[in-house]
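Going line by line, the protein sequences match chains A and B. In case it helps, our numbering puts the first sequence at residues 1223 to 1635. In case it helps, our numbering puts the second sequence at residues 1424 to 1689. For every residue, glycine included, the Cβ atom is placed at its ideal position computed from N, Cα and C. Note that the structure is predicted; figures quoted are calculated from it, not measured. This report refers to the structure that appears directly beneath it.
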Amino acid sequence: MTDIAVSLQHVSKRFIRHVDRRNSLKERIIRGRSRTSEDFWAVKDVSIEIPKGSVFGLIGHNGSGKSTLLKLMSGIYRPTEGKIHTDGRLAALIELGAGFHPDMTGLENIRLNGSILGLSRKEIDDSTQAIIDFSGLREFIDDPVKHYSSGMYVRLGFSVAVHMKPDILIVDEVLAVGDEEFQRRCEDHLYSLRRAGKTIIVVSHGMGQLEGLCDEISWLEHGQVQETGPATKVIRSYLERVNNQESVRNAEISSDRSMDAGSMRAGSGQIRTQTIALRNVENKPLDHAETGSTTRFALTLNSKESILGPNVRLAIQHEGGALVTMLNNHRLGTDLGIVDGDFTVFVDLLNTPLLPGRYRIHIDVFDHTGAKLLDNWSDALEFPVRSQRGEIGQGFVELPAQFTLSKSPTQQE
Amino acid sequence: MLTDLYSRRALIWAFANRDFATRYRSSVLGWAWSLLQPLAALLVFAVVFSVVFRIVPPPLGADPSRGSYAAFLFTGLVTWNLFNSLIVLSMSQLKSNGELLRKVQFPGWAPIFGASIVQLVQVVLELIVLILMFFWQRNVGWTWILAIPILIAMALFAQGIGLMLSILNARFGDVQYIVVVVLGALYFLTPVIYPMSMVEDTASNLVIFIQANPVAWFVQAMHDVMYSLEVPEWWVVPGLLLLGLLTFILGLAVFNRNSEDIGELL
């Protein structure tokens, strides 16, 4: 027994790219072994150790080797070089419902998929009810899955996979499935697995989600590890890189198409907002805000020159499109002084009066006169608001108000 | 290697159950097709070859004055179908489960064995019909017991070949077409529709080719124990069993050696 759930030592994976694959015997015989093949290293010299009971994230661009690495960990691919060692039962959610047979009923597919994922018959029998409950598909469980909607299909797949009691769960971008309610249930389930000390390895492009969930993150670039470390730190340097690349691109664009209304970033660029993260007052990362408790938006900004008293404005927009409010440091009487280089601004939304739903943040930074736009970041953050009390409420906000009962007619004193 | 099979028996069963459940699901007659198909083939063959080509069946073991072409033909047909169907089914399993093999890690032989189990059930059904046929012909004998090891050997032999061909077919898509042609030729080199004695009389130069065909050994042994009610030479049944077992182990070894990257190939 070690404390390492998955260890990768100098793991590389080479794919041979055939320009045209000699898939038929005739071609193989006539033209011999294919001549026009080139090597492609999808994963190159990756060494990672994932401790037991931790949540490990993989980030990187499309094609950076994340999924190949997951397939290597789950044993679908063999490494070309290096060693992989896993300790404990492993379940991989590479694609949900991959093993479903369209002609079989939901129940039959639960059994089949469970066996393919490595469950014994007894374990399957024991967890069948829980799987059906979790999926919320009780009414349809005896229908062939070919009559299921694609959402129902994935829900069933996810339910089977998370109920196989894995020690190591590998999740490949499958969290964005089903409706809002089911997504929450999936996320809650991942948190409960995490509390139960299971190891979770997750690939996602949802940085906010990863920041809340992961202990450590590896950032892959062209199959190589760029950086491994605490989630917040790696995400920050990843986003920095992405933003830099984007601002380089934007600079090129803006030279001939100045301040395109559709572009994500605008403004002079003297200040750039690098990241925005959802926190609580203790600065712990959050994946959602809660009605009634204070939410902190942590903004990291970078100023290319000394700027006096910038005006930071945070627009909160409801998913329905309505602008809820615009938080403005000048209006609230906060002067940020002279800023230069990297700095952080906390915007605390006291006792969050927002009602449950999804909200978006847009950031504007103006100079001290409020006339010159230095930075504009539309759709900087999208986050859910939930309520512990469970109610949904009407409208977007709950304003501080009080109801009292008076039996006697109103009297003036 | 063989203990792997045992430890993943639940998985093999799961695939077998899937194939059971879905095999005839969209048809009205369902599993009746598993008997209707071979019986229809039997009827056509029996009419064509006994009426048109006038093939004379060998004498029945219980009553040498009689012969039954239908019973003779069906004995050979059951044995041949076992061989043929296991190979054809095994060959297609990796491709038809490719979607799954690309995304989940499990041994590639599991769906193959699952499909074979379902096919074996079909063979048992055919065998029951064959036995009823012999009862009706009043051609019953204790030598029938020997059909069990012969059929097991036949199944192992076919499965071993099927495992090797399935890997080859995953790499080269045209293997399946070649195999169908080869099986078609092999069928006529196997004494299924004609008795061996007929070849010896009319085409003695072909005998050597038929004798070199392993499937013919199994079919002839089946004819001996089921139709003629004779015990073959003492070494025949153990020999066939050994051949089946070795082929199976070889097939499994070849399969395991070459299937590790199967997820990438499919």
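- Remark: C-beta atoms of A/LEU1312 and A/ILE1439 do not approach each other more closely than 8 Å.
- For a Cβ distance threshold of 7 Å, residue set ILE1338 of chain A lies close to B/PHE1529, ordered along the chain.
- Between the alpha carbons of B/LEU1555 and A/MET1374 lies a distance of about 49 Å.
- Look at B/GLU1623: its C-beta is not under 8 Å from any C-beta on chain A.
- Among the residues of chain B, those whose CB is under 7 Å from the CB of A/TYR1299 are GLY1686 and GLU1687, following chain order.
- Distances from the CA of B/LEU1483 to each of B/LEU1668, B/LEU1428 and B/ALA1493 were compared; the closest alpha carbon is that of B/ALA1493.
- Annotation for B/ILE1584: the continuous alpha helix (DSSP H) segment containing it runs 1570-1594.
- Residue environment for B/PRO1661: exposed (fewer than 16 other C-beta atoms within 10 angstroms of its C-beta).
- B/ASP1624 and B/ILE1616 have their C-alpha atoms roughly 15 Å apart.
- A/LEU1339 and B/TRP1503 have their C-alpha atoms roughly 36 Å apart.
- Nearest to A/GLY1489 by C-alpha distance, out of A/ARG1343, A/ASP1597 and A/ASN1284, is A/ASP1597.
- Cβ contact annotation for A/SER1525 (same chain, cutoff 6 Å, sequence separation greater than five): ILE1493, VAL1561 and ASP1562, in chain order.
- A/GLY1287 is the residue among A/ALA1314, A/GLY1287, A/VAL1534 and A/ASP1309 whose C-alpha sits nearest the C-alpha of A/PRO1301.
- In the three-state scheme derived from DSSP, where H, G and I count as helix and E and B as strand, A/PHE1618 is classed as coil.
- It is roughly 23 Å from the alpha-carbon of A/GLN1351 to the alpha-carbon of A/GLU1402.
- No Cβ of chain A is located within less than 8 Å of the beta carbon of B/ALA1593.
- With fewer than 16 other beta carbons inside 10 angstroms of its own, A/ARG1417 counts as exposed.
- B/ALA1644 places its beta carbon 8 Å or farther from that of B/GLY1564.
- Secondary structure of A/HIS1283 (DSSP, three-state): coil.
- Across the structure, B/VAL1547 and B/TRP1456 are spaced so that their CA atoms are roughly 14 Å apart.
- Relative to A/GLY1328, the option among A/GLY1297, A/LEU1378 and A/ILE1346 whose CA is nearest is A/LEU1378.
- Every unbroken stretch of the beta strand (DSSP E) spanning 3 or more residues and falling wholly within the region 1513-1597 of chain A is given here in chain order: 1517-1530, 1533-1540, 1545-1550, 1560-1571 and 1579-1588.
- DSSP links A/PRO1507 through a beta bridge to A/ARG1501.
- Between A/GLY1428 and chain B, the shortest Cβ-Cβ separation is not below 8 Å.
- Only buried fits B/TRP1640, as 16 or more other CB atoms lie within 10 angstroms of its CB.
- The Cβ atoms of B/LYS1518 and A/ILE1316 do not sit closer than 8 Å to each other.
- Judged by DSSP secondary structure, A/THR1308 falls outside any alpha helix (DSSP H) and instead within the beta strand (DSSP E) spanning 1303-1308.
- For B/ARG1489, not one C-beta of chain A is nearer than 8 Å to its own C-beta.
- Under the rule that a run must span 4 or more residues, the alpha helix (DSSP H) segments found entirely inside the region 1294-1365 of chain A read 1328-1338 and 1343-1357.
- Of the residues A/TYR1299, A/PHE1262 and A/ASP1589, the one whose Cα lies closest to the Cα of A/ASN1551 is A/ASP1589.
- B/LEU1588 has a beta carbon lying at 8 Å or more from every beta carbon in chain A.
- A check of alpha carbon separations from B/VAL1654 across B/TRP1567, B/ILE1540, B/LEU1458 and B/GLN1560 identifies B/TRP1567 as the nearest.
- Residues of the region 1301-1314 of chain A with a Cβ closer than 9 Å to any Cβ of chain B, in chain order: LEU1312 and ALA1314.
- Using beta-carbon distances, A/MET1386 does not count as an interface residue toward chain B, since no partner is under 8 Å.
- At a cut-off of 8 Å between C-beta atoms, A/ASP1364 does not count as an interface residue with respect to chain B.
- The alpha carbon of B/GLN1545 has as its nearest neighbour, out of B/LEU1606, B/LEU1458 and B/GLU1522, the alpha carbon of B/LEU1458.
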